[in-house]
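Written below as structure tokens is the structure these notes are about.
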Amino acid sequence: MNRPQTLFEKIWQRHIVAQEAGFPTVIYIDLHLIHEVTSPQAFAGLRARGLRVRRPDKTVAVADHSTPTLDKDLRLVDDLAAQQIRQLEKNCQDFGVRLYNLDSQQRGIVHVIGPELGLTQPGMTIVCGDSHTATHGAFGALAFGVGTSEVEHVLATQCLLQHKPKTCEVRIEGQLARGVTAKDVILALIAQIGVSGGTGYVFEYSGSTVRALDMEGRMTLCNMSIEAGARAGMIAPDDITFEYLAGRLYAPQGEEWERALADWRTLPSDEAASYDQHVALDVSHLEPMITYGTNPGMGVPVTGSVPDPQQITDPNARAALIKSLNYMGLQPGQPLLGQPIDVVFIGSCTNGRISDLRAAAQALKGRKVAPGVRVLVTPGSESVRRQAEAEGLDRIFKEAGAEWRWSGCSMCIAMNGDQLQPGQYAVSTSNRNFEGRQGKGGRTFLASPLTAAAAAVTGCIADARRLLV
Amino acid sequence: MNAFRSLTSKAILLPVDNIDTDQIIPARFLKTTHKEGLGKQLFADWRYQPDGSPKPDFPLNDVRFEGAQILVAGDNFGCGSSREHAPWALLDFGFRAVISTRFADIFRNNCLKNGLLPVEIDPQMHSELMGELRAAPDAPMTIDLERQQIALPNGKMATFPIDTFSKNRLLKGMDELDYLLSFEAQIAAYEAARPVHDR
Chain A
9 MNRPQTLFEK IWQRHIVAQE AGFPTVIYID LHLIHEVTSP QAFAGLRARG LRVRRPDKTV
69 AVADHSTPTL DKDLRLVDDL AAQQIRQLEK NCQDFGVRLY NLDSQQRGIV HVIGPELGLT
129 QPGMTIVCGD SHTATHGAFG ALAFGVGTSE VEHVLATQCL LQHKPKTCEV RIEGQLARGV
189 TAKDVILALI AQIGVSGGTG YVFEYSGSTV RALDMEGRMT LCNMSIEAGA RAGMIAPDDI
249 TFEYLAGRLY APQGEEWERA LADWRTLPSD EAASYDQHVA LDVSHLEPMI TYGTNPGMGV
309 PVTGSVPDPQ QITDPNARAA LIKSLNYMGL QPGQPLLGQP IDVVFIGSCT NGRISDLRAA
369 AQALKGRKVA PGVRVLVTPG SESVRRQAEA EGLDRIFKEA GAEWRWSGCS MCIAMNGDQL
429 QPGQYAVSTS NRNFEGRQGK GGRTFLASPL TAAAAAVTGC IADARRLLV
Chain B
223 MNAFRSLTSK AILLPVDNID TDQIIPARFL KTTHKEGLGK QLFADWRYQP DGSPKPDFPL
283 NDVRFEGAQI LVAGDNFGCG SSREHAPWAL LDFGFRAVIS TRFADIFRNN CLKNGLLPVE
343 IDPQMHSELM GELRAAPDAP MTIDLERQQI ALPNGKMATF PIDTFSKNRL LKGMDELDYL
403 LSFEAQIAAY EAARPVHDR
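Here the protein sequences line up with chains A and B, keeping their order.
Numbers in this note's numbering are just positions in the first sequence, counted from 1, shifted up by 8.
Numbers in this note's numbering are just positions in the second sequence, counted from 1, shifted up by 222.
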């Protein structure tokens with residue numbers, strides 16, 4: 009009998025093309041997603057060497073980072089953005105790569121459309137020049153972000169040289185209370201283990217909480233693995249996964265589907281498989297979470313308060329906290345509830361899917377955005393946008409006074425003109441609260457769509473559970 | 223890619239933990255379609271005043287460090303976004319090595335592809351190095367890749383880990399893609415051996 013293996017080991021082993029002692033492993037890549045920001049230099053590299061894209065059929069491109077979300081004519085924010093998108097078009101045309109461009113009905117954020125189109129499947133290796141590629145791990149795929157050099161490597165060879173990462177089981181147990189979501193779980197995990205707690209590891213999320221999450225919640229969880237330092241996060245595929253995938257555009261059909269299903273059922277980690285590391289999280293008493301600082305590990309329950317640097321013994325951590333609070337303009341010991349905010353951003357590859365918009369709409373329905381607060385609702389894809397409109401969610405947002413936008417990365421990375429002004433506070437459903445991430449000088453509180461919606465109607469950080477009564 | 227053997231240089235100290243790649247180069251500069259010329263935008267939001275003039279107290283603006291090729295940063299350097307623009311910007315500014323107690327995985331990979339050496343040393347040696355640099359900010363130090371050793375300004379030695387493949391590649395200035403392309407036959411054989419629906 010074979011040695012018991014984890015989900016990660018099974019996928020890794022299946023994709024070994026070559027392995028020599030003392031050298032990294034040559035790993036085959038099943039799906040290569042590319043976007044306008046991290047691919048131009050890779051295509052330039054191919055041209056310089058006279059190489060082709062080895063497997064255009066396993067390569068899918070979309071423009072999402074620099075794309076406009078407001079203008080009906082989809083005018084780009086500046087010449088550089090326009091040039092970058094033109095370059096993506098040219099590269100895809102010259103090298104025969106399928107592109108979901110601005111006029112596509114299926115475009116959206118790369119990590120939203122991959123699953124939506126059924127491109128993302130269990131057992132696959134998936135890479136993209138984007139750290140949130142971990143999202144696709146929710147399907148039991150090995151998915152991780154790469155740099156532009158590695159984008160070039162995959163374009164040229166469909167392979168990557170990789171050292172085998174270590175594995176960490178992240179076991180999450182307990183039933184989530186009402187108003188507590190996958191976003192709160194991942195923020196709690198990162199608060200527990202820190203932003204480098206997962207460095208060198210691939211996470212496998214397990215436990216009753218994970219099994220109970222729907223695919224969109226699982227994607228939120230895996231998406232932010234990188235914020236804990238883990239390059240990939242994965243979840244064993246199960247009936248919830250298969251039900252999500254069945255009938256999607258690029259999912260296997262008919263007999264192929266049956267064959268794929270039989271194979272996918274062999275992927276979950278064997279019972280006796282061992283991991284290099286274990287982390288446990290009990291979420292049965294978890295409250296909605298919010299960050300107060302300038303990295304995603306600086307999070308507390310929304311009813312909590314800003315930590316006091318004086319109570320931190322480690323000098324580096326203390327210095328980091330002081331620097332953060334200085335940037336954020338927050339006082340030690342200050343409660344988070346009631347902190348005034350200027351902007352609410354609902355969207356991104358973390359929380360821009362239909363269930364996220366439904367949650368936000370539930371809290372906004374029949375209510376008004378607080379005076380002086382700007383609320384952007386940016387669906388994760390055009391398909392999410394159409395679905396939301398079919399359900400009337402757009403009307404709820406617009407009647408409340410929120411801006412209903414076209415899909416894209418938008419204010420999560422603030423490359424397309426959607427951005428905070430210096431000093432502004434935002435509650436954001438995105439993934440990074442780094443200094444300037446949502447616009448130079450902007451100050452971000454990361455939270456769930458529900459918490460973001462609660463902030464929208466109250467004009468300050470609020471406990472969304474009170475709106476759900 | 224330029225080869226990296228050994229380097230003796232002044233070092234710039236930036237003693238902040240968890241410096242993310244959004245700080246190394248903010249996203250608004252990622253609309254370029256080139257790798258070159260990003261040094262001007264390195265640490266842009268920490269380095270320049272709102273009017274664009276250099277902040278006098280930011281270490282990269284200190285004339286004493288002109289020509290420094292080594293950056294000494296806090297723990298978990300390069301976390302966050304996968305943007306390779308971060309090592310491109312560091313290299314374009316003139317850095318050839320970064321010393322920290324830990325590097326984020328994607329950033330480390332990106333550095334090694336570009337000939338920027340990530341030097342990981344233990345926290346005790348790191349704090350000793352910071353002490354040294356505070357006492358004598360412009361004292362030169364040496365990084366020897368062949369020996370995987372750094373020599374602190376006070377002469378104390380420390381070793382650092384690097385995988386053999388990356389080390390040899392850096393020593394020769396050899397591109398990784400050339401090596402990968404040599405597997406063409408194995409890649410084709412792998413594809414041919416897969417179940418039909420996976421080919």
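C-beta atoms are modelled at their ideal positions from N, C-alpha and C, and glycine is treated no differently.
* Evaluate the contact criterion for the region 181-192 of chain A versus the region 140-159 of chain A: three or more CB pairs, one atom per stretch, below 8 Å. => Too few Cβ pairs lie closer than 8 Å, so no.
* Three-state secondary structure (DSSP) of serine 356 (chain A) -> Three-state result, serine 356 (chain A): helix.
* To do: Kindly indicate if chain A contains any beta-carbon less than 7 Å away from that of phenylalanine 405 (chain B).
  => For phenylalanine 405 (chain B), the answer is yes, since a Cβ of chain A falls inside 7 Å of its Cβ.
* Starting from isoleucine 372 (chain B), follow the beta strand (DSSP E) in both directions and report where the run begins and ends. => Bounds of the beta strand (DSSP E) holding isoleucine 372 (chain B) are 371-373.
* **Within chain A, the residues that threonine 255 (chain B) reaches when beta carbons sit closer than 8 Å** => Simply Pro48, Gln49, Ala52, Gln91, Gln92, Gln95.
* Residue-level contact to chain A via CB, tyrosine 412 (chain B), 7 Å cutoff -> At a cut-off of 7 Å between beta-carbon atoms, tyrosine 412 (chain B) makes contact with chain A.
* Asked: Using 7 Å as the limit for Cβ to Cβ distance, is cysteine 357 (chain A) near chain B?
  -> Judged by the 7 Å Cβ criterion, cysteine 357 (chain A) is not in contact with chain B.
* **For leucine 367 (chain B), three-class secondary structure by DSSP** => Leucine 367 (chain B): coil per DSSP, three-state reduction.
* Determine the chain B residues that contact isoleucine 421 (chain A) at a beta-carbon separation under 7 Å, and present them in chain order. => For isoleucine 421 (chain A), the C-beta contacts it makes with chain B under 7 Å involve Ala249, in order along the chain.
* Of the residues A:Thr128, A:Tyr283, A:Ala410, which one's Cα is nearest the Cα of leucine 39 (chain A)? -> The shortest C-alpha separation from leucine 39 (chain A) is found at A:Thr128.
* Asked: With burial defined as no fewer than 16 other Cβ atoms inside 10 Å of the residue's Cβ, what is the status of alanine 254 (chain A): buried or exposed?
  -> By the neighbour-count criterion, in which a residue is buried when 16 or more other Cβ atoms sit within 10 angstroms of its Cβ, alanine 254 (chain A) is exposed.
* Asked: When the distance is taken between beta carbons, is glycine 360 (chain A) closer than 7 Å to glycine 388 (chain A)?
  -> A distance below 7 Å separates the beta carbons of glycine 388 (chain A) and glycine 360 (chain A).
* Return the bridge partner residues of threonine 243 (chain B) from the DSSP annotation. => Threonine 243 (chain B) is not bridged to any residue.
* Is any beta-carbon of chain A found at less than 7 Å from that of leucine 252 (chain B)? -> Yes, leucine 252 (chain B) lies at the interface with chain A (some Cβ there is under 7 Å from its Cβ).
* Asked: Which stretch, first to last residue, makes up the alpha helix (DSSP H) that contains leucine 269 (chain A)?
  -> For leucine 269 (chain A), the enclosing alpha helix (DSSP H) stretches over residues 262-272.
* Given 8 Å as the limit, is there contact between the region 102-116 of chain A and the region 131-141 of chain A, that is, 3 or more CB pairs closer than that? -> Counting C-beta pairs closer than 8 Å gives fewer than three between the region 102-116 of chain A and the region 131-141 of chain A, which falls short of the contact rule.
* Asked: Which residues in chain B sit within 8 Å of serine 204 (chain A), going by Cβ to Cβ distance?
  -> Those are Asn240, Asp297, Asn298, Cys301, Arg324, Ala326, listed as they occur along chain B.
* For isoleucine 201 (chain A), name the three-state secondary structure that DSSP assigns. => Looking at isoleucine 201 (chain A) - three-state DSSP - the assignment turns out to be helix.
* If you count every other CB in all the chains shown that lies within 10 Å of the CB of aspartate 284 (chain A), and 16 or more means buried, which is it? -> Per the 10 Å Cβ criterion, exposed.
* Asked: In chain A, what lies closer than 8 Å to lysine 335 (chain B) by C-beta?
  -> By Cβ distance, chain A contributes Gly155, Ser157, Glu158.
* Give a yes or no on whether 7 Å exceeds the smallest Cβ distance from proline 245 (chain A) to chain B. => Closer than 7 Å: no.
* Identify every residue that forms a DSSP beta bridge with glycine 241 (chain A). => Glycine 241 (chain A) pairs with A:Phe211.
* To do: Would you decide whether alanine 164 (chain A) is buried or exposed? Buried here means 16 or more other CB atoms lie within 10 Å of its CB.
  => It counts as buried.
* Asked: Who are threonine 175 (chain A)'s beta bridge partners in DSSP?
  -> When beta bridges are read from the DSSP output, threonine 175 (chain A) appears opposite A:Val210.
* To do: Using a Cβ-Cβ cut-off of less than 8 Å, give me the residues of the region 109-140 of chain A that come near chain B, in sequence order.
  => Within the region 109-140 of chain A, the residues whose Cβ lies closer than 8 Å to some Cβ of chain B are Gly137, Asp138, Ser139, listed in chain order.
* **Residue burial classification, glutamate 212 (chain A) (beta-carbon count within 10 angstroms, cutoff 16)** => By the neighbour-count rule (16 or more Cβ atoms within 10 Å), glutamate 212 (chain A) is buried.
* Which listed residue (A:Leu294, A:Glu124, A:Trp412) has its alpha carbon closest to that of leucine 365 (chain A) -> For leucine 365 (chain A), the nearest C-alpha among the options comes from A:Trp412.
* To do: Measure from the C-beta of proline 323 (chain A) to each C-beta in chain B and report whether the shortest distance is under 7 Å.
  => Judged by the 7 Å Cβ criterion, proline 323 (chain A) is not in contact with chain B.
* In the region 280-307 of chain B, which residue ranges form an unbroken beta strand (DSSP E) of at least 3 residues, counting only runs that do not cross its ends? -> Within the region 280-307 of chain B, the complete beta strand (DSSP E) runs of at least 3 residues are 292-295.
* Would you decide whether glutamate 258 (chain B) is buried or exposed? Buried here means 16 or more other CB atoms lie within 10 Å of its CB. => When all chains shown are included, glutamate 258 (chain B) counts as exposed.
* Which of helix, strand or coil DSSP assigns to aspartate 278 (chain A) -> Here DSSP, grouped into helix, strand and coil, assigns aspartate 278 (chain A) to coil.
* Partner residues on chain A for glutamine 346 (chain B), Cβ-Cβ distance less than 9 Å -> Correct list: empty, because the minimum Cβ distance to chain A is about 13 Å.
* Length-filtered (3 minimum) beta strand (DSSP E) runs lying within the region 113-198 of chain A -> DSSP runs (the beta strand (DSSP E)) wholly in the region 113-198 of chain A: 133-136, 150-153, 167-170, 174-181.
* Using alpha carbons as the reference points, say which of A:Ser415, A:Glu399, A:Ala69 lies closest to aspartate 357 (chain A). => Residue identity differs from the one stated: residue 357 (chain A) is cysteine in this sequence, not aspartate. Distance check between cysteine 357 (chain A) and each of A:Ser415, A:Glu399, A:Ala69 places A:Ser415 closest, using alpha-carbon atoms only.
* To do: Check the Cβ-Cβ distances between glutamate 427 (chain B) and every residue of chain A, and say whether any is below 7 Å.
  => Coverage of chain B is limited to positions 223 through 421, which leaves residue 427 (chain B) absent and any answer about it impossible.
* Asked: What is the C-beta distance between proline 245 (chain A) and phenylalanine 387 (chain B), in whole angstroms, given that I count them as a contact (C-beta under 8 Å)?
  -> Incorrect: roughly 33 Å between the Cβ atoms, too far for contact.
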